[in-house]
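*Asks:* Here it is, the structure in full.
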Amino acid sequence: MEHLLAISFGEIFLKGKNRNVFYKTATNNIKRNIREIGYYDMYTESSKLYIKADKDKFDSLIKEIKKVFGIAYISEVVKCEKTIEDISRTSIQLIKYYKMDQGLTFKVESKRTDKSFSLTSPKLSAEIGGDILAEFKDLKVDIHKPDFTVFIDIKSSAYIYIKRIKGLGGLPLGSSGEGLLLLSGGIDSPVAGYLMAKRGMNINAIHFHSYPFTSKRAHQKAMDLAKILSAYTGKMTVYSVNLAEIYKAISKNCQRRETTILSRRFMMRIANKISEKYEYQALITGESLGQVASQTIESVSVINESSSLPILRPLIAMDKKDIIEICEKIEAYEKAIEPFDDCCSIFAPDLPVTKPKLKYIQKSEENLDIEKLENEAIDSMEIIEIA
Ligand code: ATP
Ligand code: MG
Numbered sequence: 385m386e387h388l389l390a391i392s393f394g395e396i397f398l399k400g401k402n403r404n405v406f407y408k409t410a411t412n413n414i415k416r417n418i419r420e421i422g423y424y425d426m427y428t429e430s431s432k433l434y435i436k437a438d439k440d441k442f443d444s445l446i447k448e449i450k451k452v453f454g455i456a457y458i459s460e461v462v463k464c465e466k467t468i469e470d471i472s473r474t475s476i477q478l479i480k481y482y483k484m485d486q487g488l489t490f491k492v493e494s495k496r497t498d499k500s501f502s503l504t505s506p507k508l509s510a511e512i513g514g515d516i517l518a519e520f521k522d523l524k525v526d527i528h529k530p531d532f533t534v535f536i537d538i539k540s541s542a543y544i545y546i547k548r549i550k551g552l553g554g555l556p557l558g559s560s561g562e563g564l565l566l567l568s569g570g571i572d573s574p575v576a577g578y579l580m581a582k583r584g585m586n587i588n589a590i591h592f593h594s595y596p597f598t599s600k601r602a603h604q605k606a607m608d609l610a611k612i613l614s615a616y617t618g619k620m621t622v623y624s625v626n627l628a629e630i631y632k633a634i635s636k637n638c639q640r641r642e643t644t645i646l647s648r649r650f651m652m653r654i655a656n657k658i659s660e661k662y663e664y665q666a667l668i669t670g671e672s673l674g675q676v677a678s679q680t681i682e683s684v685s686v687i688n689e690s691s692s693l694p695i696l697r698p699l700i701a702m703d704k705k706d707i708i709e710i711c712e713k714i715e716a717y718e719k720a721i722e723p724f725d726d727c728c729s730i731f732a733p734d735l736p737v738t739k740p741k742l743k744y745i746q747k748s749e750e751n752l753d754i755e756k757l758e759n760e761a762i763d764s765m766e767i768i769e770i771a
């Protein structure tokens, strides 16, 4: 039996003429993820990608392929001759191989891409189902809710499989432009980056710290989160910007209650300037409506006014518990809850304005040399490449 991995692509096939580009992008992302593990060959046949590799590498290959967006299923398939006898024999071998021969229900599902094959799909399924029943007296057919399904694809050869692992779904990375993620050290922003990457957006990140008011460890935590995220987003550039002077200027010249909203607007303007230089098309934040006092619709609106780029907020309507669930799934949660101060928590006012008015905020900003403060922060930023 020749074992192969087969990849079925998801949503990308809904997208008409973009389909080839998406397909190529997803295939390249798979290649990049599995290059180090190694495989012999890869080919496509009517909408599936087949990978030849050592069988003992399948588990590690699957683990990496599972991190690629745009995949509906990954299955371990066996390739055989396109004859009823061979298909039947291979199906029976597979059931034995997976030890599924006792007390279970099953069905056979065939798909005939090669229309010249002598039997129609339903007839082939019935025929093979009959052979399986004759071989294993303990198995029963249940076409509605079977314990397992024997899938048969008739192409240039026959491909048979039982196990199907769900992929991440989404669109292949690189098919939806370039975004800049505002990455703090918290739970929300890594999830926001993951979700936009899942929609095919290439992600780079910007992190604001206030060293020496915040520790090196807090900075490292954000870099560690970027590293965890990069398992999904591929290599990523992180711009690390020190806001200490900006916070000092705010606390000297403005009302303490306005610190959060004023600093958020600085973050947006700086992120816009960096995006202009590096050609990012959107900013991404982990804001969620009403989650904290600064995430009111009034704040969202005053923050928006400071950005000419669209600000994408994939968590805006999500509950914290659902955000945490995704954070755990992408293995970022343990890191995200490590207790290090972020710049906002150090300078955060006890009673922040929750319903800021643009004209008052703009009035406060007149007390600051915004251009100079921003340019100094950008000139001294560090650029870190996360592999
Ligand atoms: P998170 O869990 O992502 O830290 P949060 O619930 O703590 O979010 P806020 O602190 O209000 O919420 O921040 C809202 C969003 O603003 C964050 O999700 C992030 O996108 C951005 N942000 C906040 N602080 C920083 C920072 N120090 N560096 C970069 N982005 C930041
Ligand atoms: Mg935070």
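Residue 394 in our numbering sits at position 10 of the sequence shown, with consecutive numbering throughout.
Where a beta carbon is used, it is the ideal one built from N, C-alpha and C, also for glycine.
Here the structure is a predicted model, which is why all the values come from computation and not from measurement.
1) Which whole-angstrom value is the C-beta distance of P698 and M580, which I expect to be below 8 angstroms?
2) Which residues does DSSP list as the beta-bridge partners of S325?
3) For V575, which residues in the same chain have their Cβ closer than 6 angstroms to its Cβ, ignoring the five residues on either side in sequence?
4) Hey, would you say the C-beta of Q604 is under 7 angstroms away from at least one heavy atom of ligand 1?
5) If G584 sits next to S559, beta carbons under 8 angstroms apart, how far is it from one beta carbon to the other, in whole angstroms?
6) Find the nearest neighbour of D470 within the set D522, P596, I767 and I536, judged by alpha-carbon distance.
7) By how many angstroms is the C-alpha of L609 removed from the C-alpha of G569?
8) For T489, report the span of its beta strand (DSSP E) as first-last.
9) Would you mind reading off the limits of the beta strand (DSSP E) that contains M620?
10) Once DSSP output is grouped into helix, strand and coil, what is the label at R653?
11) Let's test the definition: count the other Cβ atoms within 10 Å of the Cβ of P740 and tell me whether it reaches 16, buried, or not, exposed.
12) Out of G454, E465, L445 and S690, state which residue places its alpha-carbon closest to the alpha-carbon of F406.
13) So is the beta-carbon of F592 under 7 angstroms away from any non-hydrogen atom of ligand 1?
14) Work out the CA separation of H591 and Y616 for me, nearest whole Å.
15) If you compare alpha carbons, which of I571, K661 and E629 is closest to M702?
16) Would you call the stretch 481–488 and the stretch 521–539 in contact, with 3 or more CB pairs under 8 angstroms?
17) Quick one: give me the first and last residue of the alpha helix (DSSP H) that M580 is part of.
18) What are the complete beta strand (DSSP E) segments, minimum 3 residues, inside the stretch 501–540?
19) Do you know how far the Cα of Q604 is from the Cα of A510?
20) Would you mind reading off the limits of the alpha helix (DSSP H) that contains S690?
21) For A655, which of I695, S678 and T644 has the nearest alpha-carbon?
22) Tell me whether S672 is buried or exposed, calling it buried when 16 or more other Cβ atoms sit within 10 Å of its Cβ.
23) I need the DSSP call for A720, collapsed to helix, strand or coil.
24) Sorted by chain position, which residues of the same chain lie with C-beta nearer than 7 angstroms to V461's C-beta, five sequence neighbours on each side aside?
25) Alpha carbons only, please: which of K550, I435, I414 and K611 is nearest the one belonging to Y424?
26) Nearer than 7 angstroms: is that true of the beta carbon of F753 relative to any heavy atom of ligand 1?
27) With a threshold of 6 angstroms on Cβ separation, who are the neighbours of I418 within its own chain once the five nearest residues in sequence on each side are excluded?
28) Give me the Cα-Cα distance between S659 and K408, rounded to the nearest whole angstrom.
*Replies:* With the given structure in hand:
1) In the sequence shown, counting from the first residue as 1, residue 698 sits at position 314. In the sequence shown, counting from the first residue as 1, residue 580 sits at position 196. With a Cβ gap of about 6 angstroms, P698 and M580 count as contacting.
2) The chain is shown from 385 up to 771; residue 325 falls before or after that span and cannot be answered.
3) Here residue 575 is taken as the residue at index 191 of the sequence shown, counted from 1. Around V575: I707, I710 and C711.
4) Mapped onto the sequence shown, residue 604 falls at position 220. Not a single heavy atom of ligand 1 lies less than 7 angstroms from the C-beta of Q604.
5) What you label residue 584 is simply residue 200 of the sequence shown in a count that begins at 1. What you label residue 559 is simply residue 175 of the sequence shown in a count that begins at 1. Their Cβ separation, rounded to whole angstroms, is 4 angstroms, which keeps G584 and S559 in contact under 8 angstroms.
6) Numbered from 1 along the sequence shown, position 86 holds the residue referred to as residue 470. The option with the nearest alpha carbon to D470 is I536.
7) By one-based count along the sequence shown, residue 569 stands at place 185. By one-based count along the sequence shown, residue 609 stands at place 225. Looking at the two C-alpha atoms, the distance is approximately 7 angstroms.
8) The count along the sequence shown starts at 1 and reaches residue 489 at position 105. Run containing T489: T489 to R496, per the beta strand (DSSP E) assignment.
9) Within the sequence shown, residue 620 is the residue found at index 236, counting from 1. Taken as a continuous stretch (DSSP letters only), the beta strand (DSSP E) holding M620 covers M620 to N626.
10) Residue 653 sits at position 269 when you count from the first residue of the sequence shown. Helix, per DSSP.
11) Sequence index remark: in the sequence shown, residue 740 carries index 356 (1-based). P740 should be labelled buried.
12) Residue 406 sits at position 22 when you count from the first residue of the sequence shown. Measuring from the Cα of F406, the nearest candidate turns out to be G454.
13) Indexing the sequence shown from 1 puts residue 592 at position 208. At a cut-off of 7 angstroms, the beta-carbon of F592 counts as near ligand 1: some heavy atom of the ligand is closer than that.
14) By one-based count along the sequence shown, residue 616 stands at place 232. By one-based count along the sequence shown, residue 591 stands at place 207. Those two C-alpha atoms are separated by around 19 angstroms.
15) What you label residue 702 is simply residue 318 of the sequence shown in a count that begins at 1. The shortest CA-to-CA distance from M702 to any of I571, K661 and E629 is the one to I571.
16) Cβ pair count under 8 angstroms is three or more, so yes.
17) By 1-based counting over the sequence shown, the position of residue 580 is 196. For M580, the uninterrupted alpha helix (DSSP H) segment begins and ends at D572 to K582.
18) With a minimum length of 3 residues, the continuous beta strand (DSSP E) runs that stay inside the stretch 501–540 are 532–538.
19) Against the sequence shown, residue 510 aligns to sequence position 126. Against the sequence shown, residue 604 aligns to sequence position 220. Cα to Cα, the separation comes out at about 60 angstroms.
20) To locate residue 690, count along the sequence shown from 1; it is residue 306. Note, S690: premise wrong, no alpha helix (DSSP H); not H, not E.
21) The residue labelled residue 655 in the question sits at position 271 within the sequence shown. Nearest C-alpha to A655: I695.
22) The count along the sequence shown starts at 1 and reaches residue 672 at position 288. So S672 ends up on the buried side.
23) Residue 720 sits at position 336 when you count from the first residue of the sequence shown. Three-state result, A720: helix.
24) Locating residue 461 in the sequence shown gives position 77, where the first residue counts as 1. For V461, where only same-chain residues beyond five positions count, the Cβ hits under 7 angstroms are L388, A390, Y543, I544 and Y545.
25) Position 40 of the sequence shown, counted from the first residue, corresponds to residue 424. For Y424, the closest alpha carbon among the candidates K550, I435, I414 and K611 is that of I435.
26) Indexing the sequence shown from 1 puts residue 753 at position 369. Per the sequence presented here, residue 753 reads as Asp, with Phe not at that position. Between ligand 1 and the CB of D753, the shortest heavy atom gap is not smaller than 7 angstroms.
27) Within the sequence shown, the letter at position 34 stands for residue 418. Only L445 and E448 meet the Cβ criterion.
28) Your numbering for residue 659 matches position 275 in the sequence shown. Your numbering for residue 408 matches position 24 in the sequence shown. Distance between the alpha carbons of S659 and K408 is about 27 angstroms.
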